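S.K.:
Residue numbers (the working numbering), protein chains in the order written: chain A, -14 to 355; chain U, -14 to 355.
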């Protein structure tokens, strides 16, 4: 497989803690319902899974935000629940509702039946990765992703979204042996899934631990962090073109455990908006010439509902909170990848996203010039 | 007003960082739907507000959990949204849904009309406090409470519960001047409300900042913490019997800001289950003979869905996480009040609550004996 060389490698450089001329920016869920062109493609596809499983549609919507905004990375259009779907749980998206599994995993017998799925069932995802990478034509790097083992387990047990995680936590506290078995299978499945995305052309991979933050202290370390580490230990380190593939981990609500997450074998830690970026940099960002994690985040997505002038102010606040990025081209050092602290809201005015991206590039260039 | 002397002052002593023979325990929302006797009283009352506004019913349900379990404190049965209701926003609880306001506050004109409500509109609350205190007959102390200024503002703007806080954050980021005006009025209202509860017989008061944790770093300090401090600055320090009235503050999801919350002029900080109790004690709990905060919390309410043996193990884990409580009867020092990290679930088996309370008392006595 040969792909075009990268024209904008600022995202990958920042992942590797290398200096960049501006702070790279992309947005979680940047291909989504806030864009009228996405809504139009989804209408053609008929359903969310119709969109995600069709290579042409998945490619089309992945590139849509790049046509509007000078974003520094693209992310595969897919869903975090494709892996349990391939395990046979029967994923569907009812109109106006979240995901739902036809066969949730709530008994010892159901857990006993779980196994790492045949990756051929997920070929549509790898085909989409390959297609998107080709369509990007070297414009920006492509990020592949998966839900974390714990986050997948939440949906697999609850069968849908939850506001109290009662069923999955009942299993966790009552039958930790079953939970560990499920998480081990999930971790090995996620590792195989991300490796196949890397083989198909993904240039970075991100693990979304969207529900790690609902766990109690001690339970987080045992049931989420340990299995994220198990995934990371199995990941390929280089992609199809021989380049290093950075690994990003984002635990929503995980700010309290940042010190422990620093021990993960990954390059980038994502942060939500509750975390003080300067404090996080001091804790895990490292120094020029020394080890550390690149940091990604963390503006509140609700800032995008304010007028552009206030968006500009809040962008500056986040950039200043991280502080002066390092500019040493010979050595690695603290770097920041600008992002939201959570996925973009479907109600976001698209022109406000333009204001945000522009403000990140303008202010971060100016910071480096001083 | 004269009330019977306290027979069990372990909760109040722990609030003041004084040694106690066991770790006192009470549960947020301990009078609630998981108890069949509560469901029966509510059925008689016809509606949630029918229950909360009737002094006899409110007294009855407040005492129900004490009849079942040897809890070390009672908490007024009421709702956190009584104050905005008294402001004229029209609170209602639809069957099977959360609270709803008929007139949410979303415009400059609506904010301009807000004012500290006439406390006579809340007389039913103060009457309930007086009635409950009398009915307790000195058994355990009575805690009064209110929502925090920010948490009230969330409901006042959203008009109901929310999963993204889009409307209230849109106002916060777009028109911080309006948000500050609303929060100042809320703070002065909450202070007057809690002072009237103290005058009616409350022996401790707790501020529930249930939604502080949804704010971004910096926004939390400016829009939540500052107004909690404004409430605290106005509170009476002694109750009708001349005893000191401890003040408790609980910010759900506020663990990252614990160091800053240590500066609040209150006696107790509540913690949710994501916080490491030992770490919190080291940060803000102080030493014997020195200043510090008492800590309250923080077991995951979902532990109550596990069998009693696992509940026992998890109770021990939480007690051990706090560590050995101080036993110096001459001086103040680090203390722990056992609680859930959030309100008890309506699906909780009542007999599991008995196991939890018993485990807290038994293990915490044993810890002091070693």
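All C-beta atoms, glycine included, are put in the ideal place defined by N, C-alpha and C.
Since this is a predicted model, take the numbers as computed values, not measurements.
1. What's the gap between the Cα of residue 229 (chain A) and the Cα of residue 293 (chain A)?
2. What is the DSSP secondary structure of residue 236 (chain U), counted as helix, strand or coil?
3. Confirm, please, whether the CB-CB distance from residue 85 (chain A) to residue 129 (chain A) is below 8 Å.
4. Which residues does DSSP pair with residue 321 (chain A) in a beta bridge?
5. Restricting to Cα atoms, I'd like to know which of A:319, A:326, A:83 and A:340 is closest to residue 428 (chain A).
6. Would you please state the rounded distance, in angstroms, between the beta carbons of residue 231 (chain A) and residue 201 (chain A)? I believe it to be under 8 Å.
7. For a contact defined as C-beta to C-beta under 8 Å, what are the partners of residue 302 (chain A) on chain U?
8. Do residue 262 (chain A) and residue 251 (chain A) have their beta-carbon atoms positioned less than 8 Å apart in this structure?
9. Does any residue of chain U bring its CB to less than 8 Å from the CB of residue 281 (chain A)?
10. Using a beta-carbon distance below 8 Å, is residue 209 (chain U) in contact with chain A?
11. Can you check the segment 99 to 165 of chain A for any beta strand (DSSP E) of at least 3 residues that lies completely inside it and give the ranges in chain order?
12. I'd like to know if residue 196 (chain U) contacts chain A, where contact means its C-beta is closer than 8 Å to some C-beta of that chain.
13. Just to confirm, is the Cβ distance from residue 68 (chain U) to residue 102 (chain U) under 8 Å?
14. So, with DSSP's three-state summary, where would you put residue 170 (chain A)?
15. Provide the residue(s) that pair with residue 76 (chain A) in DSSP beta bridges, ordered along the chain.
16. May I ask you to report which of helix, strand or coil DSSP gives residue 193 (chain U)?
17. Taking residue 300 (chain A) as part of the beta strand (DSSP E), name the residues at either end of that continuous run.
18. What span of residues does the beta strand (DSSP E) with residue 254 (chain U) cover, start to end?
19. So which residues of chain U does residue 86 (chain A) contact, with C-beta pairs closer than 9 Å?
20. To be precise: take each residue of the segment 228 to 259 of chain U, compare its Cβ to all Cβ atoms of chain A, and keep it if any distance is under 8 Å. Which residues remain?
21. Taking CB distances under 8 Å as the criterion, tell me whether residue 100 (chain U) reaches chain A.
22. Closer than 7 Å by C-beta to residue 39 (chain A): which residues in its own chain qualify, once you throw out the five before and the five after it? Chain order, please.
23. Could you give the first and the last residue of the continuous alpha helix (DSSP H) run that contains residue 346 (chain A)?
24. Given a limit of 9 Å on CB to CB distance, which residues of the segment 34 to 67 of chain U reach chain A?
25. What is the rounded straight-line gap between the Cα of residue 74 (chain U) and the Cα of residue 334 (chain A)?
26. List the residues that DSSP assigns as beta-bridge partners of residue 60 (chain U).
27. How would you list, in chain order, the residues of chain U whose beta-carbon sits under 8 Å from the beta-carbon of residue 291 (chain A)?
28. Going by alpha carbons, who is nearest to residue 159 (chain A) out of A:177, A:181 and A:91?
29. Determine the chain A residues that contact residue 140 (chain U) at a beta-carbon separation under 7 Å, and present them in chain order.
30. Which word fits residue -10 (chain A), buried or exposed, when buried means at least 16 other C-beta atoms lie within 10 angstroms of its C-beta?
31. Run through chain A and tell me which residues come within less than 8 Å of residue 151 (chain U), C-beta to C-beta.
32. Compute the Euclidean distance between the alpha carbons of residue 209 (chain U) and residue 184 (chain U), then round it to the nearest angstrom.
33. CB-CB under 6 Å to residue 27 (chain A), same chain, minus the five flanking residues each way: which ones, in chain order?
34. Can you check whether the C-beta of residue 299 (chain U) is within less than 8 Å of a C-beta belonging to chain A?
35. For residue 230 (chain U), name the three-state secondary structure that DSSP assigns.
36. Note down, in chain order, every chain A residue with its Cβ under 7 Å from the Cβ of residue 295 (chain U).
M.R.: For this structure:
1. Residue mapping note: residue 229 (chain A) aligns to position 244 of the first chain, counting from 1. Residue mapping note: residue 293 (chain A) aligns to position 308 of the first chain, counting from 1. Between residue 229 (chain A) and residue 293 (chain A), the C-alpha separation is close to 37 Å.
2. The residue you call residue 236 (chain U) lines up with position 251 of the second chain. Three-state result, residue 236 (chain U): strand.
3. Working through the first chain from its first residue, we reach residue 129 (chain A) at position 144. Working through the first chain from its first residue, we reach residue 85 (chain A) at position 100. No, Cβ-Cβ distance for residue 129 (chain A) and residue 85 (chain A) is not below 8 Å.
4. As a working mapping, residue 321 (chain A) is identified with position 336 in the first chain. Answer is A:280.
5. Any answer about residue 428 (chain A) is impossible in this case: the structure gives chain A only from -14 up to 355.
6. Residue 231 (chain A) sits at position 246 when you count from the first residue of the first chain. Residue 201 (chain A) sits at position 216 when you count from the first residue of the first chain. In fact, because the Cβ distance is near 30 Å, the residues do not count as touching under 8 Å.
7. The count along the first chain starts at 1 and reaches residue 302 (chain A) at position 317. Neighbours of residue 302 (chain A) on chain U, chain order: 203.
8. Within the first chain, the letter at position 266 stands for residue 251 (chain A). Within the first chain, the letter at position 277 stands for residue 262 (chain A). Going by C-beta atoms, residue 251 (chain A) is not nearer than 8 Å to residue 262 (chain A).
9. Working through the first chain from its first residue, we reach residue 281 (chain A) at position 296. It does not: the Cβ of residue 281 (chain A) has no partner Cβ on chain U nearer than 8 Å.
10. Here the question's residue 209 (chain U) lines up with position 224 in the second chain. Closer than 8 Å: no.
11. Here the runs fully enclosed are 127 to 132.
12. Along the second chain, one-based indexing puts residue 196 (chain U) at 211. Not a single C-beta of chain A is nearer than 8 Å to the C-beta of residue 196 (chain U).
13. Here residue 68 (chain U) refers to the residue found at position 83 when the second chain is read from its first residue. Here residue 102 (chain U) refers to the residue found at position 117 when the second chain is read from its first residue. With respect to residue 102 (chain U), residue 68 (chain U) sits close: the two C-beta atoms are nearer than 8 Å.
14. The residue you call residue 170 (chain A) lines up with position 185 of the first chain. Residue state, collapsed to three classes: helix.
15. Counting from one through the first chain, the residue named residue 76 (chain A) turns up at place 91. DSSP lists A:86 as partners of residue 76 (chain A).
16. Residue mapping note: residue 193 (chain U) aligns to position 208 of the second chain, counting from 1. It is a strand residue.
17. Your numbering for residue 300 (chain A) matches position 315 in the first chain. From DSSP, residue 300 (chain A) is part of no beta strand (DSSP E) but of the alpha helix (DSSP H) over 293 to 307.
18. Working through the second chain from its first residue, we reach residue 254 (chain U) at position 269. Under the DSSP assignment, residue 254 (chain U) falls in the beta strand (DSSP E) whose first and last residues are 253 to 255.
19. Along the first chain, read from residue 1 onward, the residue named residue 86 (chain A) stands at position 101. Think of a sphere of 9 Å around the beta carbon of residue 86 (chain A): no beta carbon from chain U falls inside it, the nearest being about 20 Å out.
20. 238, 240, 241, 258 and 259
21. To locate residue 100 (chain U), count along the second chain from 1; it is residue 115. Not one beta carbon of chain A lies nearer than 8 Å to the beta carbon of residue 100 (chain U).
22. Within the first chain, residue 39 (chain A) is the residue found at index 54, counting from 1. 30, listed in sequence order.
23. Numbered from 1 along the first chain, position 361 holds the residue referred to as residue 346 (chain A). Start and end: 335 to 354.
24. none
25. Counting from 1 along the second chain, the entry for residue 74 (chain U) is found at position 89. Counting from 1 along the first chain, the entry for residue 334 (chain A) is found at position 349. Put simply, the backbone Cα of residue 74 (chain U) is about 30 Å away from that of residue 334 (chain A).
26. The count along the second chain starts at 1 and reaches residue 60 (chain U) at position 75. According to DSSP, residue 60 (chain U) bridges with U:128.
27. For the purposes of this step, residue 291 (chain A) is taken as residue 306 along the first chain, with counting starting at 1. Near residue 291 (chain A) (Cβ distances below 8 Å), the residues of chain U are 155, 158 and 159.
28. As a working note, residue 159 (chain A) is residue 174 in the first chain. Taking only the C-alpha atoms, the option nearest residue 159 (chain A) is A:91.
29. Position 155 of the second chain, counted from the start, is the residue given in the question as residue 140 (chain U). None at all; the shortest Cβ gap to chain A is about 16 Å.
30. Here residue -10 (chain A) refers to the residue found at position 5 when the first chain is read from its first residue. Residue -10 (chain A) comes out exposed.
31. Taking the second chain and counting its residues from 1, one reaches residue 151 (chain U) at position 166. Simply 287, 290, 330 and 332.
32. Here the question's residue 209 (chain U) lines up with position 224 in the second chain. Here the question's residue 184 (chain U) lines up with position 199 in the second chain. The straight-line gap from Cα to Cα measures roughly 26 Å.
33. In the first chain, counting from the first residue as 1, residue 27 (chain A) sits at position 42. Closer than 6 Å at the Cβ level, and outside the excluded window around residue 27 (chain A), lie 36.
34. For the purposes of this step, residue 299 (chain U) is taken as residue 314 along the second chain, with counting starting at 1. Yes, residue 299 (chain U) counts as interfacial toward chain A.
35. Within the second chain, numbered from 1, the residue matching residue 230 (chain U) stands at position 245. In this structure, residue 230 (chain U) counts as coil in the three-state DSSP scheme.
36. In the second chain, residue 295 (chain U) corresponds to position 310, counting from 1. The CB of residue 295 (chain U) comes closer than 7 Å to the CB of 158 and 159 in chain A, given here in chain order.
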